[in-house]
Amino acid sequence: MTKRRIFIGILIIIVLIQLIKVDKSNPPIVLQKDFVTMTHPPKDIAHILKNSCYDCHSSETRYPWYFSVAPVSWWAKDHVNDGRKHLDFSNWGDYSLEKKLHKLDECYSEIAEDEMPLNSYTAVHSSAALSPEQKTALMDWIKNLDVKGEE
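Residue 31 in my numbering sits at position 31 of the sequence shown, with consecutive numbering throughout.
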């Protein structure tokens, strides 16, 4: 009887936490401030960025089905918020030149050290995982990107 009550209690908690919804709206996008718009990458690089980076590092987050299931939705939303806090490609145009250069250095290092995209992200979004060729192409492009002439 005690195990049954515990099970029912847990079940009730799981159902009740579903009432706590996560905000799945994206901030408005100003294309003139967007990283891809401002830096004009080749199509293959733009595709890599949009597919492997933009979900967590822009205002173009695509919210999959599990964003509706608590507590996974809370954890995932926290990752998106944290990603945008560290680097927001949608607000690239608001960054100072110094900050842009710093963010590019961070991007290069994170990709080189296989820190980005996160393993927890690529585990559920396998198409976001970078192949060795994509990784090299993206790193080469970042290394040669001239953001000084953007404005």
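Note that the Cβ used here is the ideal one computed from N, Cα and C, for glycine as well.
So, for Trp-74: in the same chain, excluding its five sequence neighbours on each side, which residues have a beta-carbon less than 7 Å away from its beta-carbon?
Residue numbering aside, residue 74 sits at position 74 when the sequence shown is read from its first letter. Excluding residues within five positions, the ones whose Cβ falls inside 7 Å are Val-22.
Three-state secondary structure (DSSP) at Gln-134?
Along the sequence shown, read from residue 1 onward, the residue named residue 134 stands at position 134. It is helical.
Measure the alpha-carbon distance for Ala-46 versus Lys-135 and round it to whole angstroms.
If you number the sequence shown from 1, residue 46 lands on position 46. If you number the sequence shown from 1, residue 135 lands on position 135. Distance from the CA atom of Ala-46 to the CA atom of Lys-135, rounded to whole angstroms, is 13 Å.
Taking buried to mean at least 16 other C-beta atoms within 10 Å of its own C-beta, is Arg-62 buried or exposed?
Position 62 of the sequence shown, counting from 1, holds the residue named residue 62. It counts as exposed.
How big is the Cα-Cα spacing for Asp-146 and Ile-8?
Position 146 of the sequence shown, counted from the first residue, corresponds to residue 146. Position 8 of the sequence shown, counted from the first residue, corresponds to residue 8. Roughly 60 Å between the two C-alpha positions.
Rounding to the nearest angstrom, what Cα-Cα distance links Ile-12 and Ile-20 in this structure?
By 1-based counting over the sequence shown, the position of residue 12 is 12. By 1-based counting over the sequence shown, the position of residue 20 is 20. A direct Cα-to-Cα measurement between Ile-12 and Ile-20 gives close to 14 Å.
Label Ala-112 either buried or exposed according to how many other C-beta atoms from any shown protein chain fall within 10 Å of its C-beta, with 16 as the threshold for buried.
Stepping through the sequence shown from its first residue, residue 112 is reached at position 112. With fewer than 16 Cβ atoms within 10 Å of its Cβ, Ala-112 is classed as exposed.
Helix, strand or coil at Arg-4 according to DSSP, with G and I counted as helix:
The sequence position of residue 4 within the sequence shown is 4, counting from 1. If DSSP states are grouped into helix, strand and coil, Arg-4 belongs with the helices.
Give the range of the alpha helix (DSSP H) segment to which Tyr-63 is assigned.
Here residue 63 refers to the residue found at position 63 when the sequence shown is read from its first residue. Note, Tyr-63: premise wrong, no alpha helix (DSSP H); not H, not E.
Figure out for me which residue from Ile-6, Ser-90, Ser-131 and Lys-143 has the closest Cα to the Cα of Asp-55.
On the sequence shown, position 55 is the one that residue 55 refers to. The shortest C-alpha to C-alpha distance from Asp-55 to any of Ile-6, Ser-90, Ser-131 and Lys-143 is the one to Ser-90.
Distance, Val-69 Cα to Leu-138 Cα
Start at 1 with the first residue of the sequence shown, and residue 138 comes out as number 138. Start at 1 with the first residue of the sequence shown, and residue 69 comes out as number 69. Within the model, the alpha-carbon separation for Leu-138 versus Val-69 is close to 34 Å.
Cut-off 8 Å between Cβ atoms - residues of its own chain near Ser-127, not counting five sequence neighbours on either side:
Stepping through the sequence shown from its first residue, residue 127 is reached at position 127. Non-local C-beta neighbours of Ser-127 in its own chain, meaning closer than 8 Å and more than five positions away in sequence, comprise Asn-51, ordered along the chain.
Out of Asp-78, Tyr-108 and Cys-53, which one is the CA nearest neighbour of Ala-129?
To locate residue 129, count along the sequence shown from 1; it is residue 129. Put simply, of Asp-78, Tyr-108 and Cys-53 the residue whose alpha carbon is nearest the alpha carbon of Ala-129 is Cys-53.
Going along the chain, which unbroken runs of the alpha helix (DSSP H) with 4 or more residues stay wholly within the stretch 52-134?
Fully enclosed alpha helix (DSSP H) runs of 4 or longer: 54-57, 72-86, 97-112 and 119-122.
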